[in-house]
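To start, the structure itself, in structure tokens.
Numbering (our numbering), first residue to last: 3 to 937.
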């Protein structure tokens with residue numbers, strides 16, 4: 003091709019190549035043995051040009067390459083780079099990756115319970131660690147040039163999402179931010195906000211999956227494609243699946259047959275044939291099927307820890323073996339190496355031998371209840387291809403690098419903490435995004451198991467939708483408030499909070515409403531001009547007329563309510579055999595009461611029908627109809643006209659019985675005239691306010707205007723539009739400055755408790771500034787009141803556990819076991835202080851439902867923390883706690899984290915808390931807790 007170019011064009015191309023070779027990107031590309039994708043190149047070029055970037059791309063597309071380029075740039079420019087991740091497992095994984103590439107001397111790790119080479123030019127850390135550094139003004143921030151925020155879509159997380167926004171807002175302006183996100187539908191909106199708070203930010207969105215994903219449904223012995231083969235974005239659902247769903251829906255259920263709905267022999271035969279074709283395969287059967295189809299390794303998502311463990315057992319009992327003898331030996335060697343630090347006496351407690359048997363066969367579970375070391379081993383073996391079937395909860399979808407050839411979803415419903423709910427398109431995308439290993443697989447496969455009642459169109463909607471909007475969960479906290487006021491003062495802090503993504507989204511949502519208000523205000527000006535009267539203030543006159551109308555409406559409503567109440571009382575007094583005259587409705591006229599129709603559990607003479615419609619008498623009309631009447635048929639009280647005996651042989655279903663009794667009714671009471679309910683004198687006739695308003699209207703100058711009614715019509719339109727505009731303005735007010743108003747309420751409460759005095763942070767406030775966590779204020783108050791003074795280390799660990807632990811079963815009503823003595827009293831005092839704070843939050847309108855405020859401390863881990871810190875064995879502690887090892891380790895590490903904060907924040911040299919908190923950390927940090935590298 004170059005032969006076709008002119009000398010000038012060849013020279014220009016050579017210059018361009020030379021310029022390209024001189025860039026940092028060129029040297030970076032040489033480090034990889036594969037070419038970069040266009041979106042990766044665009045993002046890297048933007049970074050080298052000094053811009054921040056937001057990269058939104060599917061799972062497995064290689065967006066972390068952009069983060070690694072930021073590391074490369076920092077090292078080349080002699081600056082620091084912090085690589086943040088949402089979970090410690092990801093931090094450990096990324097730390098290992100960067101150490102392999104750049105050497106362990108240049109890479110550090112900070113995860114709360116791990117600190118390795120923290121002064122290195124590249125440090126991998128959890129996002130919370132960076133947030134704490136920013137508030138503490140850490141010296142480690144000096145020379146920081148780049149911050150990579152991996153999995154930045156975590157800012158939607160309602161429990162931890164605020165941390166991401168705090169970091170983005172508070173990072174120094176000189177730091178270039180690299181935000182890596184899953185595919186989100188509002189990436190441009192998020193990019194606009196980043197542009198506002200961080201300066202020039204380029205948004206790069208890629209929806210291209212490097213490994214194409216194919217969707218299937220496994221029903222019985224057959225794997226169906228979800229979509230028909232065809233061109234274009236709009237793909238049709240496989241008609242075979244639609245037909246199956248229709249056949250299954252039309253098939254009589256077992257209960258139908260039990261009720262005696264007999265089927266013809268041909269129908270039974272057709273159902274038998276259909277049943278042999280459609281069923282939900284068992285777990286071992288699914289894995290065998292995938293193995294035969296060459297679709298392993300696979301991750302099967304089961305939304306239950308017990309379900310994951312049960313699936314492994316089912317595969318073992320079925321005799322499933324996915325590894326040959328050589329692979330088994332490699333598995334055993336790696337497992338023994340990784341678990342060498344675990345004491346032999348703990349192995350049996352942890353279910354080690356059953357776990358190892360599964361691994362040797364190439365089968366494993368992966369969930370938060372597992373020991374972190376065990377999870378790490380499963381991840382490593384899976385990546386090496388030595389574990390081929392993993393049964394996992396959805397937590398595995400959150401960033402851990404475990405790509406598979408196939409992903410299996412057992413069900414499309416999961417427990418969300420409150421109820422069983424359908425998974426969202428975003429969750430489906432996140433889960434199935436694991437399928438297809440770049441550089442290994444030509445295609446990835448997502449398999450959904452057929453379930454009775456499955457709707458193929460609904461599944462196609464999940465698979466075909468890419469809506470995963472990023473929604474801010476940012477809320478101010480007590481710790482955030484004191485840190486901000488200490489650094490910036492109240493006014494500047496308020497302004498900073500108004501730059502949050504939460505406020506950005508809220509403000510954007512009111513733009514349309516604001517435009518409508520503007521249009522309404524223009525309309526109001528026109529209406530006001532049209533209702534102007536030369537005789538006087540017509541707006542004032544119209545106001546008097548409106549007051550009169552409102553008063554008359556109110557009195558009429560009161561009168562109607564009173565009449566309804568009187569009618570209900572009269573209906574309650576009716577008895578079978580009473581002859582009445584129904585005043586209105588379809589069945590107006592003479593009627594005989596067959597039964598009074600009182601609500602269940604009520605008898606005559608009792609009033610008050612809150613929560614139901616009152617009496618509904620069953621009557622026989624003079625026209626031989628038996629009907630149940632409602633309260634609306636009796637707008638006025640009804641009185642019996644006569645009494646009649648109802649024959650014991652009367653049958654309401656018999657036309658002859660109805661005819662005979664109706665004839666007797668007409669004979670008995672047909673001559674009696676209907677009791678005309680005398681209308682009472684209207685309340686309005688004697689109302690002083692109405693008389694005053696009528697007098698004022700007649701005396702007003704505008705009352706004598708010839709165009710009075712014309713002006714009045716314009717005035718009515720003005721009033722209606724003014725009312726609508728006021729409602730819109732209230733909606734705007736409710737959405738704007740919401741974060742700042744919450745901050746004001748928090749500051750007011752902290753001022754009441756003497757944590758703040760204007761822009762000054764008191765000693766108590768400075769202590770609160772060092773306490774991070776959901777119950778930061780409660781921890782500070784416990785320190786302030788000396789609740790933990792004199793507690794031995796094990797008892798202090800038990801008390802502090804109440805600040806971090808949350809039971810998985812929210813409705814668990816059993817009283818938790820707690821240590822006796824001082825610890826029991828201290829826990830009781832902690833709950834009492836929480837009660838005082840809760841009442842104070844109510845006074846200051848700080849609501850836990852909005853994600854702000856202090857939840858009740860949970861004592862459910864106190865006994866386990868006390869036993870472990872007292873030196874008890876793992877077997878005994880786990881048996882008493884009735885808790886999986888993974889959960890136990892995670893809660894211990896969180897208690898250790900808070901104990902470290904308390905040791906640093908505790909007041910005065912005389913206090914026993916700092917020393918005992920450090921001893922409690924040492925007592926907890928042993929055995930399984932100490933040798934678990936992931937928290």
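We treat Cβ as the ideally placed atom computed from N, Cα and C, and that holds for glycine.
Please work out which residues of its chain come closer than 6 Å, Cβ to Cβ, to residue i, disregarding the five sequence neighbours upstream and downstream, and give them in chain order.
{"i": "residue 931", "result": "891, 894"}
{"i": "residue 782", "result": "769, 770, 773"}
{"i": "residue 761", "result": "491, 492"}
{"i": "residue 645", "result": "579"}
{"i": "residue 434", "result": "409, 448"}
Quickly, what does DSSP pair residue i with across the bridge? List them, please.
{"i": "residue 783", "result": "The partner list for residue 783 (beta bridge, DSSP) is empty, contrary to what the question assumes."}
{"i": "residue 630", "result": "620"}
{"i": "residue 351", "result": "Looking at the DSSP assignment, residue 351 forms no beta bridge with any residue, so it has no partner."}
{"i": "residue 760", "result": "None, per the DSSP bridge assignment."}
{"i": "residue 215", "result": "446"}
{"i": "residue 54", "result": "203"}
If you count every other CB in all the chains shown that lies within 10 Å of the CB of residue i, and 16 or more means buried, which is it?
{"i": "residue 449", "result": "buried"}
{"i": "residue 695", "result": "buried"}
{"i": "residue 371", "result": "buried"}
{"i": "residue 510", "result": "exposed"}
{"i": "residue 841", "result": "exposed"}
{"i": "residue 564", "result": "exposed"}
{"i": "residue 442", "result": "exposed"}
{"i": "residue 809", "result": "exposed"}
{"i": "residue 576", "result": "buried"}
{"i": "residue 144", "result": "exposed"}
{"i": "residue 33", "result": "exposed"}
{"i": "residue 153", "result": "buried"}
{"i": "residue 634", "result": "exposed"}
{"i": "residue 348", "result": "buried"}
{"i": "residue 453", "result": "exposed"}
{"i": "residue 859", "result": "buried"}
{"i": "residue 9", "result": "exposed"}
{"i": "residue 868", "result": "buried"}
{"i": "residue 676", "result": "exposed"}
{"i": "residue 350", "result": "exposed"}
Measure from the alpha carbon of residue i to the alpha carbon of each residue in the options, then state which is nearest.
{"i": "residue 207", "options": "190, 216, 198, 218", "result": "190"}
{"i": "residue 320", "options": "326, 287, 211", "result": "287"}
{"i": "residue 389", "options": "373, 365, 221", "result": "365"}
{"i": "residue 903", "options": "131, 210, 186", "result": "131"}
{"i": "residue 221", "options": "250, 282, 188", "result": "282"}
{"i": "residue 186", "options": "121, 56, 77", "result": "56"}
{"i": "residue 819", "options": "830, 30, 795, 861", "result": "861"}
{"i": "residue 245", "options": "156, 831, 416, 459", "result": "459"}
{"i": "residue 586", "options": "618, 741, 636, 91", "result": "636"}
{"i": "residue 906", "options": "785, 285, 121", "result": "785"}
{"i": "residue 532", "options": "866, 727, 224, 715", "result": "715"}
{"i": "residue 486", "options": "748, 156, 44", "result": "748"}
{"i": "residue 655", "options": "670, 627, 649, 642", "result": "627"}
{"i": "residue 394", "options": "325, 307, 456, 350", "result": "307"}
Going by beta carbon distance, what residues of the same chain come within less than 8 Å of residue i, once the five residues before and after it are set aside?
{"i": "residue 234", "result": "With a pLDDT of only 47 at residue 234, under the threshold of 50, the placement of this residue in the model should not be trusted; the figure read from the coordinates follows. Excluding positions up to five away in sequence, the list is empty."}
{"i": "residue 53", "result": "178, 202, 203, 204"}
{"i": "residue 624", "result": "591, 592, 593, 664, 667, 668, 672"}
{"i": "residue 241", "result": "230"}
So residue i and residue j are supposed to be a Cβ contact under 8 Å. How far apart are they, rounded?
{"i": "residue 713", "j": "residue 540", "result": "5 Å"}
{"i": "residue 880", "j": "residue 898", "result": "Actually they do not touch by this definition, with Cβ atoms about 18 Å apart."}
{"i": "residue 404", "j": "residue 384", "result": "5 Å"}
{"i": "residue 438", "j": "residue 219", "result": "That belief does not hold up - the Cβ atoms of residue 438 and residue 219 are roughly 18 Å apart, past 8 Å."}
{"i": "residue 46", "j": "residue 71", "result": "5 Å"}
{"i": "residue 301", "j": "residue 392", "result": "5 Å"}
{"i": "residue 515", "j": "residue 730", "result": "5 Å"}
Quick check: is any heavy atom of the ligand SAH less than 7 Å from the C-beta of residue i?
{"i": "residue 763", "result": "Among the components modelled here there is no ligand, and therefore nothing to report on the ligand SAH."}
For residue i, which residues of its own chain have a beta-carbon under 7 Å away from its beta-carbon, when the five flanking residues on both sides are left out?
{"i": "residue 337", "result": "358, 361, 379"}
{"i": "residue 120", "result": "110, 112, 142"}
{"i": "residue 971", "result": "Residue 971 falls outside the range modelled here, since the chain spans only 3 to 937, and no answer is possible."}
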